[in-house]
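Here the structure comes first, spelled out in C-alpha cells, and everything after it is commentary.
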Amino acid sequence: DVLERQVPHDGHRVLRQHIANARRRTNPWGYSIGKEHRESARTVDLAVCAIGARMLRRMVLTSEQFGKRK
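Each residue of the sequence shown is one higher than the one before, counting from 4 in the working numbering.
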C-alpha cells in the first residue's frame, strides 16, 4: 500500500499533512519513511502510526488464528 501510495485514511487534515511530509528511504531491509531531515519541523508521526496499523491489520487478516475464530 505504501509503495503504491495508497494509504487509506479518512482525510483528516493533520494525517494528510504528515503523509505529505513523509519521505521514503531505502535501507538494507527494504523501505522506511522519515522526515526530510532530522531537524525538520515537519512531523510524520501520524503517517508512521497509519502505516503500522495497516501492517498489523494485514498480519491479523493473514494469521491462522484469525481464520479459526468463532
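Where is the CB? At the ideal position from N, CA and C, for every residue including glycine.
Whole angstroms are fine: how far does the CA of residue j sit from the CA of residue i?
| i | j | result |
| --- | --- | --- |
| R45 | V17 | 11 Å |
| T29 | S35 | 6 Å |
| H12 | V63 | 19 Å |
| G33 | G14 | 27 Å |
| L59 | A53 | 10 Å |
May I ask you to report which of helix, strand or coil DSSP gives residue i?
| i | result |
| --- | --- |
| R27 | strand |
| G37 | strand |
| R45 | coil |
| V10 | coil |
| R19 | helix |
Identify, in the order they occur along the chain, each residue of the same chain with its Cβ nearer than 7 Å to the Cβ of residue i, setting aside the five sequence neighbours on each side.
| i | result |
| --- | --- |
| L49 | V17, L18, H21 |
| V47 | H21, N24, A25, I36, G37, K38 |
| R27 | Y34, I36 |
The stretch 63-72 in contact with the stretch 39-49 per 3-pair CB rule at 8 Å: No contact exists between the stretch 63-72 and the stretch 39-49.
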